[in-house]
Structures are given as C-alpha cells and as structure tokens.
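Only one structure is covered here, and it is reproduced in the block below.
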Amino acid sequence: MTIKALVLSIIFVVLTGVNVQAKEANSIKQLAFSERWLSLLHINTQQKAGEFKSYVDDDSFFFAEDGKVNPKSELLATVTALKADRDNQCKFPARTQFLLEHIKGLQEQVKPTYCQEYLDWRKKLNTTKVVLVFASAQLNSPSSMYGHTFLRFDPDNVEQNSTYLSYALNFGATVPEGDGGFLYAARGLTGGYPGNFAANPYFEKIKEYNRLENRDLWEYKLNLNQQEIDTMLAHIWELQGINFEYYFFDENCSFRLLELLDVARPGLLLANKFPVTAMPLDTVRVVKNANLIAESYYRPSILTELKAQLALLSHNEKKIALALSTDIEVLDSTEFLALPLEQQSLVIDSAYRYLRYQNTFNGRPKDTARRSFLLLRKLNEKPTKINVVIEQPLRPDLGHKTSMVGFGLGQNGERAFAEAKYRASYHDLLDPLPGYYSGMSLNMLNIMFRFYQGGDFKLEKAELLDIVSLSTRDNYFTPWSWKANISIEQQWTVDKDVLVTQGSGGGGVSYQPFDNSSVFLFATGRVEFNRKLDTFAAIAPGVHTGFLYYWPKSTLLLEAEHYQFLFDQTQRSRFTLQQSLELGGDHSLRLIADFHYIKSKTHTNNSYQEIKLEYRHYF
Numbered sequence: 003m004t005i006k007a008l009v010l011s012i013i014f015v016v017l018t019g020v021n022v023q024a025k026e027a028n029s030i031k032q033l034a035f036s037e038r039w040l041s042l043l044h045i046n047t048q049q050k051a052g053e054f055k056s057y058v059d060d061d062s063f064f065f066a067e068d069g070k071v072n073p074k075s076e077l078l079a080t081v082t083a084l085k086a087d088r089d090n091q092c093k094f095p096a097r098t099q100f101l102l103e104h105i106k107g108l109q110e111q112v113k114p115t116y117c118q119e120y121l122d123w124r125k126k127l128n129t130t131k132v133v134l135v136f137a138s139a140q141l142n143s144p145s146s147m148y149g150h151t152f153l154r155f156d157p158d159n160v161e162q163n164s165t166y167l168s169y170a171l172n173f174g175a176t177v178p179e180g181d182g183g184f185l186y187a188a189r190g191l192t193g194g195y196p197g198n199f200a201a202n203p204y205f206e207k208i209k210e211y212n213r214l215e216n217r218d219l220w221e222y223k224l225n226l227n228q229q230e231i232d233t234m235l236a237h238i239w240e241l242q243g244i245n246f247e248y249y250f251f252d253e254n255c256s257f258r259l260l261e262l263l264d265v266a267r268p269g270l271l272l273a274n275k276f277p278v279t280a281m282p283l284d285t286v287r288v289v290k291n292a293n294l295i296a297e298s299y300y301r302p303s304i305l306t307e308l309k310a311q312l313a314l315l316s317h318n319e320k321k322i323a324l325a326l327s328t329d330i331e332v333l334d335s336t337e338f339l340a341l342p343l344e345q346q347s348l349v350i351d352s353a354y355r356y357l358r359y360q361n362t363f364n365g366r367p368k369d370t371a372r373r374s375f376l377l378l379r380k381l382n383e384k385p386t387k388i389n390v391v392i393e394q395p396l397r398p399d400l401g402h403k404t405s406m407v408g409f410g411l412g413q414n415g416e417r418a419f420a421e422a423k424y425r426a427s428y429h430d431l432l433d434p435l436p437g438y439y440s441g442m443s444l445n446m447l448n449i450m451f452r453f454y455q456g457g458d459f460k461l462e463k464a465e466l467l468d469i470v471s472l473s474t475r476d477n478y479f480t481p482w483s484w485k486a487n488i489s490i491e492q493q494w495t496v497d498k499d500v501l502v503t504q505g506s507g508g509g510g511v512s513y514q515p516f517d518n519s520s521v522f523l524f525a526t527g528r529v530e531f532n533r534k535l536d537t538f539a540a541i542a543p544g545v546h547t548g549f550l551y552y553w554p555k556s557t558l559l560l561e562a563e564h565y566q567f568l569f570d571q572t573q574r575s576r577f578t579l580q581q582s583l584e585l586g587g588d589h590s591l592r593l594i595a596d597f598h599y600i601k602s603k604t605h606t607n608n609s610y611q612e613i614k615l616e617y618r619h620y621f
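Residue numbers (this note's numbering): 3 to 621.
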C-alpha cells in the first residue's frame, strides 16, 4: 500500500468514527428531549430549550447535579449509574426500561437484576385496571370545595361494589399537626408544604370520603392497556418518598395524576393543558376529552343515602323516626303502632341509619350502641325489603365549565355602561346547577371592568376569593352556613365611586322552606380600607339575608344586606334581585337589579339604582 493510500484510509476511518459519534450524540440529544424522557423527569414538555425545570423538589430523584434543569445531563448520568450499580435498576425501573429500549447496546452493558422489593409491591397491587376517582366538593370545608381526584388500582375480576382488594394512589400535602385555618390556606397557596404520593387500601378512602366527610364519589374506569399500566406503576415506584412542592390551585393532586397518565401513554400531554390552575373537575374533563374513560360509576355517600331514605317518609313518620333514634320506647307508642308494617320497618331502618350516621362523628356511647342493637334486632324479627332508589345526579364533568367570561349592558342611575368580566373558577349560586351542589358558591379571581357612557373606564371589582356555603338545617341535620369575601371594589362614598379594599364574611343558618329553595340569614362583619371615610380602616358589623329558588333552567336570588360602620357612622343597605336563565350547559343570561342606600351624619345621603343584563360563557 502506498503512503497516499494509507493516509486516505486513516482519514476515512477517522471521519467515519467522527460521523458515528456525531450520530450517537445527536441520538442521545433527541432522546433526552423526547416527550417520554421529559415526562419521566416531570418536566413540562412545552418549555423552551434552556428553560427546563422539573417539578420534583427532591435531590434524591436525580443522578446529575444539574439533573433538575438539564434532561440531557440527567440521561447520561442515569446511564452511568445503571452501569455502575445494579440496584439503580430497582430504584428506577421505568427509566431503566426506557433507556434499554432506546439506547443501542445498553442491554449488553446493563445486566438485568432481580428486584425483590419492587416485584413484591407489584404482586400486592396485582393491577389490571386503573380507575380515576373524583371526590365531590364538601360545602363546609374551603380546602375541599373544589373536589379531589386520585387513582384506584384494581386486580383482575374485581367487582364494582367489592373493591376491598383495590389500592388507591393519592397525592397530597404533608401538613404538620397544628397547621390550620389561615396558616394552612396561606402555606397551601404559596407552596409551603411538600407533596407526596401514597398508596392505601381503597376501602380506607371510601371510609374517609364516603363516610367521614360525606362526599359522593365518581369512579371513571380508564381504557389503559396492560403495558401502559405497567409503565405507570414502574414510575410510581420511582416516586415513593419523593417530595414535590404542593400548591392548592396548580401543582396539586389532579395535576400530578395527569403527569402519571402522560407517562403511561406518551403523546397525551395532559399536564401541559394547565399552565396556570388545575381544578380537579377540569382535569377530569381533560381525561374524558382524551378518550381515556371507558365507563363511570356513582358511589353515593352515607349522607346521600340517608337523605334519600328519609325522603320516603311522611312528615309524621320523620318525627317518629327521629324520636325513635333517641328513645327505644317509641316502638310501643300508639303513633308508631298505627303505621302499616312496611312503614314501621322503614321508620326503624331510618332511625338505625341515622344513629349510625351520628356515631361517625360523636363516637359510640354505650347507650347509643344499645339502641342501635335493639333497632337492628327489631328489623331482623320481621325482615322487610326496603328499596331505596337513589337518583343519580348529572356527572360533575358534564356540568358547566369552570372558567367564565361575561358581557353586560346596564344603567347605573343616569349613567349607561357596558361591562366585561372574567372569572378563573368555579361556580356561583346562579350558575347552571346540573353537575354541582345547590347552595354552593366558590369564585376565584373574579375581575370586572366597566365602560361608562362618556368614555369613563373603571375597574369595578376584583375578587380574590368569594365563598358562600348554604347548608340547610332541619330536625335531623344542623350544619352552619357561612360566607367569606376578599376583594377590591368600587364603593359609593361622599357622592362618588371610590376603589376600596375589603374583607367580609360571617356565619348563620339556612333552611329549606319547600323543595328546591333556601332561605338564609347571616351575621356578618366587614373591614374596609377607604381613604374617603373618617377612619381609613373601617369596621362594620352587619346582617345578610336572602331567598334562593331553583327551577330546572332558571334560578332566582333575592338578597338584603346592611352594614353599620362603627366610627364613621355610615350606614349602607343593599337590596338585590337576580334571575338567571340557562341557555345550554356553557351559556346563560342573567338579569340583575340593585338598589343601594347610603346614610351618613357627615355626608349627603345617597341612593341609586342599577339594572343590568349579562351574558355568560363558561369555558
């Protein structure tokens, strides 16, 4: 071989090697920024290069020092770790499987190992079906009014009503003892709690939500195949003991579950659809729209079941059942014995169920346990089939969407105006009711602008939070109703509108005078920061009453409200009529008529009227 031929051969070999290395490097880069790898690292796949950041807030989840922000570095470090220590295969089975499938020759360098602990865990779960569970809102708990989602893992051939072999996977905040009230809300809003995944038997979740918190459960079976389920479970194993930051409104229970579904079925990109907030109900809709739901099942709470049974009793029978729950001697009363045998059984069963319901919260004193036993024995003496049919409400995901834009035209005194508003979430008392609880209002980031005739433009209101919970009372159930509001809003003060900051709220009672109605009364208080009042920080006790009525496609709300400022000696009264009309699940009209009266010893008394017609679109 001539020198020239030898030189050309060396150059060819070098260039070939360089080309192979370049191809390999390019392949590694493509793999590092693939949807599958980014989802395994919990990195938003829509982030721009150089702006990557994992949601995981735990150094033990990464092999590379910059693995949290550099997916390529983390991939290379993971490959090195798998080669160096077989135990890392057991720690990260989902990563291991992915890399073995996509990196040529890695299988020869990473010999498979037996992961006893992981295999035992997989055997215990024995999962062939995955179910998304939505726990409905709890009216008297602010942190639960949005609902909650978690996953259920079913073994093969499990029956719908017999899920004691199933496990539930929940993501939630780790809250220290003693954190509650304002501190709990503040830290939950700002990411002050770590979040973790935890797997528990499903019957414990039924006890927690169905029985203790009286929340209906909606169970959505997902059409994941076995390979997708296996991938999800392998990744869940990787997340055991791993911390995330937890935020109530975005990086919450529902957002984390969407990330798991993205791992199971690459290309869904479900988590990317929630860049700002992730309401549990909205995440269920996204799962439905991705055609992941095969079927659904409704599991009513014990409170729902009890109320359905009490609805079968007459007014007199309800009184007898209530008396029987406290005094077993009622069984010998003429009122009870005069009932037909079938109704006697229904009354006894209702009293027994009511006692069990009370025991959930009040413990089980000996006297109560004795009455329960005697009632149960009486039922067994003459067993009668009691058929209580619980009408299934509309699925929550089929109700109106939670974000809203509105446009209105109106007249304020002599001034005409046009109005535009936006609400980030969720539902108020007059929004279309199907899919939601009556008497519940929860609004976040509700912003309203007005354009007055003559060119005047104003921020009319910006509500950070507005909550109303109307939990009706009767002889059986005595919950308290309450309200809370934090906002910036225009207030008529000294003959002109002034933008003020205020916080208000209160508690009271609500009753149902007849079907589909509610009448309520609150004792309230208001703190207002208003530069036009005699004291910049003004305090006002007040009262708020109203009447609410639901028709199938329309809702009426009548309200009266009064505040007496303590130091400024200003009084404010407001009377409001609102009537809504549903135009379809995501469209409605609303007519609002307001009368305001302001009285002050130091300023001119004022009154004004306002009427407006508003169109709302939910999205």
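Glycine included, every Cβ here is placed at the ideal spot set by N, Cα and C.
- For Trp484, the number of other beta carbons within 10 angstroms of its own is at least 16, and it is reported as buried.
- For Tyr551, the pairing in a beta bridge is given by DSSP as Ser519 and Leu558.
- Contact between Asn202 and Pro157 is ruled out by a C-beta separation of about 15 Å, above the 8 Å threshold.
- Annotation: Phe250 to Ala525 spans about 29 Å, alpha carbon to alpha carbon.
- Contact annotation: Phe531 and Val496 have beta-carbon atoms that are not nearer than 9 Å.
- The alpha-carbon separation between Thr279 and Lys384 amounts to approximately 55 Å.
- Considered as a whole, the stretch 176-259 harbours 183-192, 204-207 and 228-240 as its complete alpha helix (DSSP H) runs of no fewer than 4 residues, in chain order.
- Rounded to the nearest angstrom, the gap between the Cα atoms of Met406 and Leu121 is 47 Å.
- Under the three-pair Cβ rule at 8 Å, the stretch 356-373 counts as touching the stretch 325-337.
- Residue burial is scored here from C-beta neighbours: Arg154 has at least 16 other C-beta atoms within 10 angstroms and is therefore classed as buried.
- Leaving aside the five residues that flank Cys92 on each side, the residues in its chain whose CB is nearer than 6 Å to its CB run, in chain order, Cys117 and Tyr120.
- When secondary structure is reduced to three states using DSSP, Gln455 falls in the coil class, being assigned neither helix nor strand.
- Leaving aside the five residues that flank His589 on each side, the residues in its chain whose CB is nearer than 8 Å to its CB run, in chain order, Tyr617, Arg618, His619 and Tyr620.
- Positions of the beta strand (DSSP E) runs, each at least 3 residues long and wholly inside the stretch 128-171, are given as 131-137 and 150-156 in order along the chain.
- Excluding five sequence positions before and after Val71, the CB atoms of its chain that fall closer than 7 Å to its own CB belong to Phe54 and Lys55, given in chain order.
- Sixteen is the threshold: when 16 or more other Cβ atoms of the shown chains lie within 10 Å of the Cβ of His44, as they do, the residue is buried.
- Along the length of the stretch 247-327, whole beta strand (DSSP E) runs at least 3 residues long occupy 295-301, reported in chain order.
- Of the candidates Phe479, Leu235 and Leu472, Leu235 places its Cα closest to the Cα of Thr130.
- Taken through DSSP and simplified to helix, strand or coil, Asn477 comes out as coil.
- Two segments are said to touch when three or more pairs of C-beta atoms, one from each, lie closer than 8 Å; by this definition the stretch 447-456 touches the stretch 414-430.
- Distance from Ser427 to Asp468 at the Cβ level is roughly 11 Å; contact not present, criterion being Cβ atoms closer than 8 Å.
- Ranked by Cα distance from His564, the first of Leu523, Gly441 and Gln581 is Leu523.
- By the neighbour-count criterion, in which 16 or more other beta carbons inside 10 Å mark a residue as buried, Gly410 falls on the buried side.
- Under the three-pair Cβ rule at 8 Å, the stretch 229-243 does not count as touching the stretch 309-321.
- Tyr116 carries a coil assignment under DSSP once its states are collapsed to helix, strand and coil.
- Annotated three-state conformation of Phe375 is helix, per DSSP.
- Secondary structure of Trp482 (DSSP, three-state): coil.
- For Gln571, the closest of Lys603, Ala139 and Val133 by C-alpha to C-alpha distance is Lys603.
- Glu53 carries a coil assignment under DSSP once its states are collapsed to helix, strand and coil.
- In this structure the stretch 73-82 lies against the stretch 93-104, because at least three pairs of beta carbons, one per stretch, are closer than 8 Å.
- As the crow flies, the alpha-carbon of Pro398 is around 18 Å from that of Leu305.
- Excluding the 5 residues flanking it on each side, Lys74 has same chain C-beta neighbours closer than 8 Å at Ile30, Lys31, Ala34 and Phe35, in chain order.
- The Cβ-Cβ distance between Leu432 and Met446 does not fall below 9 Å.
- Taken atom to atom, the span from the alpha-carbon of Gln228 to that of Gly107 is near 27 Å.
- Distance from the CA of Leu400 to the CA of Asn274, rounded to the nearest whole angstrom, comes to 22 Å.
- His44 carries a coil assignment under DSSP once its states are collapsed to helix, strand and coil.
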